[in-house]
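Protein chains in written order, with this note's numbering: chain A, 1 to 147; chain B, 148 to 294; chain C, 295 to 441; chain D, 442 to 588.
Have a look at the structure below before the remarks.
Protein chains: 4
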Amino acid sequence: MPVPAMNADEIVKLLREEFPQFFYPGCGLSIERVDYANVRVRRHFHEDSVRPGGTISGPTMMELADFAMYVAVFSVAGPVPMAVTTNLNINFLRKPGRGDLVADAKLLKVGKRLVVGEVAIYSEGEPEPVAHVTSTYSMPPQVLQYH
Amino acid sequence: MPVPAMNADEIVKLLREEFPQFFYPGCGLSIERVDYANVRVRRHFHEDSVRPGGTISGPTMMELADFAMYVAVFSVAGPVPMAVTTNLNINFLRKPGRGDLVADAKLLKVGKRLVVGEVAIYSEGEPEPVAHVTSTYSMPPQVLQYH
Amino acid sequence: MPVPAMNADEIVKLLREEFPQFFYPGCGLSIERVDYANVRVRRHFHEDSVRPGGTISGPTMMELADFAMYVAVFSVAGPVPMAVTTNLNINFLRKPGRGDLVADAKLLKVGKRLVVGEVAIYSEGEPEPVAHVTSTYSMPPQVLQYH
Amino acid sequence: MPVPAMNADEIVKLLREEFPQFFYPGCGLSIERVDYANVRVRRHFHEDSVRPGGTISGPTMMELADFAMYVAVFSVAGPVPMAVTTNLNINFLRKPGRGDLVADAKLLKVGKRLVVGEVAIYSEGEPEPVAHVTSTYSMPPQVLQYH
Numbered sequence: 001m002p003v004p005a006m007n008a009d010e011i012v013k014l015l016r017e018e019f020p021q022f023f024y025p026g027c028g029l030s031i032e033r034v035d036y037a038n039v040r041v042r043r044h045f046h047e048d049s050v051r052p053g054g055t056i057s058g059p060t061m062m063e064l065a066d067f068a069m070y071v072a073v074f075s076v077a078g079p080v081p082m083a084v085t086t087n088l089n090i091n092f093l094r095k096p097g098r099g100d101l102v103a104d105a106k107l108l109k110v111g112k113r114l115v116v117g118e119v120a121i122y123s124e125g126e127p128e129p130v131a132h133v134t135s136t137y138s139m140p141p142q143v144l145q146y147h
Numbered sequence: 148m149p150v151p152a153m154n155a156d157e158i159v160k161l162l163r164e165e166f167p168q169f170f171y172p173g174c175g176l177s178i179e180r181v182d183y184a185n186v187r188v189r190r191h192f193h194e195d196s197v198r199p200g201g202t203i204s205g206p207t208m209m210e211l212a213d214f215a216m217y218v219a220v221f222s223v224a225g226p227v228p229m230a231v232t233t234n235l236n237i238n239f240l241r242k243p244g245r246g247d248l249v250a251d252a253k254l255l256k257v258g259k260r261l262v263v264g265e266v267a268i269y270s271e272g273e274p275e276p277v278a279h280v281t282s283t284y285s286m287p288p289q290v291l292q293y294h
Numbered sequence: 295m296p297v298p299a300m301n302a303d304e305i306v307k308l309l310r311e312e313f314p315q316f317f318y319p320g321c322g323l324s325i326e327r328v329d330y331a332n333v334r335v336r337r338h339f340h341e342d343s344v345r346p347g348g349t350i351s352g353p354t355m356m357e358l359a360d361f362a363m364y365v366a367v368f369s370v371a372g373p374v375p376m377a378v379t380t381n382l383n384i385n386f387l388r389k390p391g392r393g394d395l396v397a398d399a400k401l402l403k404v405g406k407r408l409v410v411g412e413v414a415i416y417s418e419g420e421p422e423p424v425a426h427v428t429s430t431y432s433m434p435p436q437v438l439q440y441h
Numbered sequence: 442m443p444v445p446a447m448n449a450d451e452i453v454k455l456l457r458e459e460f461p462q463f464f465y466p467g468c469g470l471s472i473e474r475v476d477y478a479n480v481r482v483r484r485h486f487h488e489d490s491v492r493p494g495g496t497i498s499g500p501t502m503m504e505l506a507d508f509a510m511y512v513a514v515f516s517v518a519g520p521v522p523m524a525v526t527t528n529l530n531i532n533f534l535r536k537p538g539r540g541d542l543v544a545d546a547k548l549l550k551v552g553k554r555l556v557v558g559e560v561a562i563y564s565e566g567e568p569e570p571v572a573h574v575t576s577t578y579s580m581p582p583q584v585l586q587y588h
């Protein structure tokens, strides 16, 4: 397994510089593990994401999956904040309860132009996923030309 | 064309009662038009959704698409707040600039158990869509049994 | 509306040369109309595609949608047989009866590297679509560089 | 792990009876393993599926993925030939070479009304998948009511 192109601390630093309105201390998102093409991130529970019945909103899960993919892209390509999502497909499987969400992203293809991955989202402490995502990122033209 | 099962005012009232943490005056979402199986909603511009380069975040568009579909479901099925998204697929097409986003949802199938639709998202004043979404909602068991 | 980069006769000729095992007289697929980024193709009915209940198989519709997108790519990019599908998402809406299938493909984005479109599939003579598809093609590196 | 609701021989027998035009000796599809919610199927190589460059067509992979999901549905629900695909999303990752394709389907959710799964398709002998699929089947109303 190759060494990741950036570690968790480096990715946190990059995100805080590039996305200060989105990723800041207290935003509720954190990075738990960064291996090459394989990362885990977390959404800390917040009452604002709760929906009737005590579940967490779909857009909260979509945002978490997109964040997990973005971190996974950094793990293989280094600091490419201009990488953009081109496609995201989510299947909602079960209603998460009140609690943190954990997302495991794994890249299925690391191409020169496209990076494809899947993300499984879990409600902390539950064995079955609450959502499953596949997503494609498009790399900026110059980035991966030497890979 | 059948009359919509709920009009915009009725849907606004329902959403404020059921989702007070999500849909409230000043939340940035509004309903512009409700026909049967065909609705338009709007995301008012807010600096918090801006990303580097002056564009609007992907999760903001996913949330808007999901909201548009939810309103479209109400337009055919009436007050069914327990309808849930089972699948959402989004293709990001162009980067929206700083400005409102407008989403047009059109239902492709209104079944007893599943409702399928597509959503085109536009940056206000631009002719080409910034994103295209297809999505499926699952209806609660009792709701559509007489349709 | 720009003139299409290839007309139907030119596309038929290209397909017969490049894909003689797939596209030949009697294969059941035909091209009905080619405008720029907007085409119609047809799958002629054949007993081999029938499934229990007298409907047509899902893979038959997926193949037709992929073919429609391929023809639409030619309409904007000219002869690029090495363009490849990277993603296809299909929602099956209604069971088609015994009869021809007609597919209308419309491109949503024509980029240098990615072309995104949607396809609506109809059972001949029926007003409501039997399936809806979105799909992305990746263009070969050299093809669209002057567009 | 529960015992599968049908084993491979029982599924082969059912498919031959219900889909004699699709699944017959020599059709090129076979079932290699059936565990509960987890199956492997195979597409034997045939020249008819070859495309320019010596690769295998996308529709061949879509058909194989749909077949794998269908067998996986039987593994949890027993003989339900009227189960139907409602959604299929495929990402094409690498071009398969000339050779058999193997598809591993794993169910992510077995609900009363919807069954969701993912399928990884491999070119025999290669470690990286050539395509990744997620798909949803809708169960006939009466089938899963006692589950």
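Every residue gets a Cβ at the ideal spot worked out from N, C-alpha and C, and that includes glycine.
The structure presented is a predicted model; accordingly, all values stated were derived computationally and were not measured.
Residue-chain proximity (residue i, chain B), Cβ-Cβ < 9 Å
i: Lys389 of chain C; result: no
i: Asn385 of chain C; result: yes
i: Arg51 of chain A; result: yes
i: Phe22 of chain A; result: yes
i: Thr428 of chain C; result: yes
i: Asp104 of chain A; result: no
i: Ser57 of chain A; result: yes
Min CB distance residue i to chain A below 9 Å
i: Thr501 of chain D; result: no
i: Leu585 of chain D; result: Low confidence applies to Leu585 of chain D: its pLDDT is 47, below 50, so where it sits in the model is not reliable, and the reading given next is rough at best. No, Leu585 of chain D lies away from the interface with chain A (no Cβ there is under 9 Å from its Cβ).
i: Leu388 of chain D; result: Because chain D is modelled from 442 through 588, residue 388 of chain D falls outside the range shown and cannot be assessed.
i: Pro570 of chain D; result: yes
i: Pro228 of chain B; result: yes
i: Glu194 of chain B; result: yes
i: Asp213 of chain B; result: yes
Cβ shell of residue i (< 7 Å), same chain only, five flanking positions each side left out
i: Gly352 of chain C; result: Phe386
i: Lys547 of chain D; result: Ala478, Asn479, Gly558 and Glu559
i: Gln45 of chain A; result: Residue identity check: residue 45 of chain A is Phe in the sequence provided, not Gln. Only Arg98, Gly99 and Asp100 meet the Cβ criterion.
i: Ser509 of chain D; result: According to the sequence provided, residue 509 of chain D is Ala. The question's Ser does not apply to it. Correct list, in chain order: Val480, Val482, Ala544, Ala546 and Val560.
CB contact flag (residue i, residue j, <9 Å)
i: His573 of chain D; j: Leu108 of chain A; result: yes
i: Val335 of chain C; j: Ile350 of chain C; result: no
i: Gly53 of chain A; j: Lys95 of chain A; result: yes
i: Tyr183 of chain B; j: Pro149 of chain B; result: yes
i: Gly419 of chain C; j: Gly393 of chain C; result: yes
i: Val249 of chain B; j: Ser270 of chain B; result: yes
i: Pro167 of chain B; j: Val223 of chain B; result: no
i: Asn236 of chain B; j: Asn332 of chain C; result: no
i: Val159 of chain B; j: Phe169 of chain B; result: no
Exposed unless 16 or more other CB atoms sit within 10 angstroms - verdict on residue i
i: Val424 of chain C; result: buried
i: Arg43 of chain A; result: buried
i: Glu504 of chain D; result: buried
i: Val639 of chain D; result: The displayed coordinates of chain D run from 442 to 588. Any statement about residue 639 of chain D would go beyond what the structure contains.
i: Pro288 of chain B; result: exposed
i: Asp66 of chain A; result: buried
Min CB distance residue i to chain C below 9 Å
i: Leu15 of chain A; result: no
i: Arg113 of chain A; result: yes
i: Thr86 of chain A; result: yes
i: Glu504 of chain D; result: yes
Neighbourhood of residue i by C-beta distance below 6 Å, restricted to the same chain and skipping five residues each side
i: Asn234 of chain B; result: Thr283
i: Thr134 of chain A; result: Asn89 and Glu118
i: Thr354 of chain C; result: Ser343
i: Val84 of chain A; result: Ser138
i: Lys155 of chain B; result: This sequence places Ala at residue 155 of chain B; Lys is not what is there. Excluding positions up to five away in sequence, the list reads Ile178 and Val181.
For residue i: DSSP bridge partner residues
i: Asp48 of chain A; result: In DSSP, Asp48 of chain A forms no bridge with anything.
i: Arg381 of chain C; result: In the sequence as presented, Arg is not what sits at residue 381 of chain C; that position holds Asn. Answer by DSSP bridge pairing, in chain order: C:Thr430 and D:Asn532.
i: Ser75 of chain A; result: The partner list for Ser75 of chain A (beta bridge, DSSP) is empty, contrary to what the question assumes.
i: Leu248 of chain B; result: B:Arg190 and B:Ser270
i: Val410 of chain C; result: C:Lys403 and C:Thr430
i: Pro181 of chain B; result: For the sequence presented, residue 181 of chain B should be read as Val rather than Pro. Its beta-bridge partners are B:Val186.
Beta carbon proximity, residue i to chain D, threshold 9 Å
i: Ser285 of chain B; result: yes
i: Glu126 of chain A; result: no
i: Phe313 of chain C; result: yes
i: Glu118 of chain A; result: yes
i: Asp329 of chain C; result: no
Contacting residues, own chain, Cβ-Cβ under 8 Å from residue i (five flanking each side not counted)
i: Leu161 of chain B; result: Met153, Phe221, Pro226 and Pro228
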